[in-house]
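In the UniProt record's numbering, the protein residues as written are 1 to 282. This report refers to the structure that appears directly beneath it.
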Amino acid sequence: MKYGVHLFATEDSIQPGDLAQEAESRGFESVLFSEHTHIPVNFLQNNESGRNLKDYYWQAYDPFIAATVAAAATDRIKIGTGVSLILQHDPITLAKEVATIDQISNGRFLFGIGAGWLPDEMKNHGVAYRTRYMLIQEYVQAMKRIWSEEAPEYKGEFINFNKIKSYPKPIQSPHPPLISGGGIGPKSLDFIARNCDGWMPIVGIPEWHQIKEGISKLVEQVDAVGRPPGSIDLSVFSWSLPDEDVTNDMEQAGIKEIVISLEAKNREEVLPLLDEYASLIE
Numbered sequence: 001m002k003y004g005v006h007l008f009a010t011e012d013s014i015q016p017g018d019l020a021q022e023a024e025s026r027g028f029e030s031v032l033f034s035e036h037t038h039i040p041v042n043f044l045q046n047n048e049s050g051r052n053l054k055d056y057y058w059q060a061y062d063p064f065i066a067a068t069v070a071a072a073a074t075d076r077i078k079i080g081t082g083v084s085l086i087l088q089h090d091p092i093t094l095a096k097e098v099a100t101i102d103q104i105s106n107g108r109f110l111f112g113i114g115a116g117w118l119p120d121e122m123k124n125h126g127v128a129y130r131t132r133y134m135l136i137q138e139y140v141q142a143m144k145r146i147w148s149e150e151a152p153e154y155k156g157e158f159i160n161f162n163k164i165k166s167y168p169k170p171i172q173s174p175h176p177p178l179i180s181g182g183g184i185g186p187k188s189l190d191f192i193a194r195n196c197d198g199w200m201p202i203v204g205i206p207e208w209h210q211i212k213e214g215i216s217k218l219v220e221q222v223d224a225v226g227r228p229p230g231s232i233d234l235s236v237f238s239w240s241l242p243d244e245d246v247t248n249d250m251e252q253a254g255i256k257e258i259v260i261s262l263e264a265k266n267r268e269e270v271l272p273l274l275d276e277y278a279s280l281i282e
């Protein structure tokens, strides 16, 4: 089993470059950074989930800048978003940002993506929650063209542009791995099967036994859309270290990497956790 780490990087936490260097020196596979541009105050005040939300959700750095700093500070570890809420970006600009980081990192970027889960946050970016899966599919299709074609164009229901020139292109061919953080619902699994290279569900939302069922459904869906078996690499995002039995079960189910979320703490508090988790790396 491979292990990665995740952080909501803030001005008070261990800094992205420092974390990436320390994780790389301990043999971790990846370091990922999350994204929220903001959290609406009405959600924090009037929703039980909002009242319990940790402050690093709205204090987090921009994940692409954090990932760039991490990439510049390291040589081997994979760097990425875990996940980026891509519908809150312009797709042409986002495609350039991803390709740029892939160039700077010498082909080490992992593009973790999500449609978003907070309707009011999405609304503030002009995104309708009910059409998010139609929109994210167009985003991915448009960006794939920008990354791979000399003069791409895209004509969709939501995204439209005539032929453009856009560089750089990514080092990774045909593009950095697209890793969905989506859940086990039918729309999510269909999107993953059609568009993604990896799936990284959050353990606990849903529970592991439900994710196992989702893996079986995803395998069926991948076959149904005509992609070869094994097209989707499987990993999980976990708020804490799973116990040995669960880890073994995950490995049997095809999980290749466990990404463990770190609290947004300072260097002195984070490094002992890295040491503890690093003891599991083979």
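Backbone N, C-alpha and C fix where the C-beta goes; we use that ideal spot for every residue, glycine too.
Given residue 282, which residues of its chain have a CB within under 8 Å of its CB, disregarding the five upstream and five downstream residues?
1
How about residue 85 and residue 107: do their beta carbons lie closer than 8 Å?
Going by C-beta atoms, residue 85 is not nearer than 8 Å to residue 107.
Given this structure, state the Cα-to-Cα distance separating residue 103 from residue 56, to the nearest angstrom.
29 Å
Output the distance between the C-alpha atoms of residue 302 and residue 5, rounded to the nearest integer angstrom.
In this structure the chain extends from 1 to 282, so residue 302 is not present and cannot be described.
Since I believe residue 237 is in contact with residue 270 (beta carbons under 8 Å), could you give me their beta-carbon distance rounded to a whole number of angstroms?
At roughly 17 Å, the Cβ-Cβ gap does not stay under 8 Å, so residue 270 and residue 237 are not in contact.
Per DSSP, cross-strand counterpart(s) of residue 243:
Answer by DSSP bridge pairing: none, since residue 243 is not bridged.
Could you have a look at residue 167 and say whether DSSP puts it in helix, strand or coil?
In the three-state scheme derived from DSSP, where H, G and I count as helix and E and B as strand, residue 167 is classed as coil.
Determine, using beta-carbon pairs with one atom in the region 79-93 and one in the region 27-35, whether at least three such pairs fall under 8 Å.
yes
Could you give the first and the last residue of the continuous alpha helix (DSSP H) run that contains residue 43?
41-46
Under 8 Å by Cβ, that's how I've got residue 58 and residue 36 pegged, so tell me the actual separation to the nearest angstrom.
6 Å
Check whether the region 222-232 touches the region 187-204, counting contact only when three or more Cβ pairs, one atom from each stretch, lie closer than 8 Å.
The region 222-232 vs the region 187-204: in contact.
Is residue 165 near the ligand ZN, with its Cβ less than 7 Å from a heavy atom?
Inclusion of the ligand ZN in the displayed structure is not the case, the ligand content being empty and no account of it being possible.
Based on Cα-Cα distance, which residue from 200, 121 and 18 lies nearest to residue 366?
Missing from the structure shown is residue 366; the chain here goes from 1 to 282 and no further.
Enumerated in chain order, which unbroken segments of the beta strand (DSSP E) with a length of 3 residues or greater are wholly contained in the region 169-256?
178-180 and 233-238
According to DSSP, residues forming a beta bridge with residue 160:
Beta-bridge pairing by DSSP links residue 160 to 155.
Host alpha helix (DSSP H) of residue 144 (start-end)
Residues 132-148.
For chain B, find out if any of its Cβ atoms is closer than 8 Å to the Cβ of residue 73; answer yes or no.
Here chain B cannot be found, since the structure has a single protein chain.
Got a sec? Which residues, its chain only, sit under 7 Å from residue 69 by beta carbon, not counting five neighbours each side?
Excluding residues up to 5 positions away in sequence, 16 and 17 lie with their Cβ nearer than 7 Å to the Cβ of residue 69 in the same chain.
May I ask you to verify whether the region 128-136 touches the region 92-100, counting CB pairs closer than 8 Å and requiring at least 3?
Result no; under three Cβ-Cβ pairs closer than 8 Å.
Do you know offhand how far residue 167's Cα is from residue 209's?
43 Å
CA-CA distance, residue 264 and residue 162?
The C-alpha of residue 162 is placed about 43 Å away from the C-alpha of residue 264.
With residue 98 as the anchor, note down where its beta strand (DSSP E) starts and where it stops.
First-last for residue 98: 91-104, but that is the alpha helix (DSSP H), not the beta strand (DSSP E).
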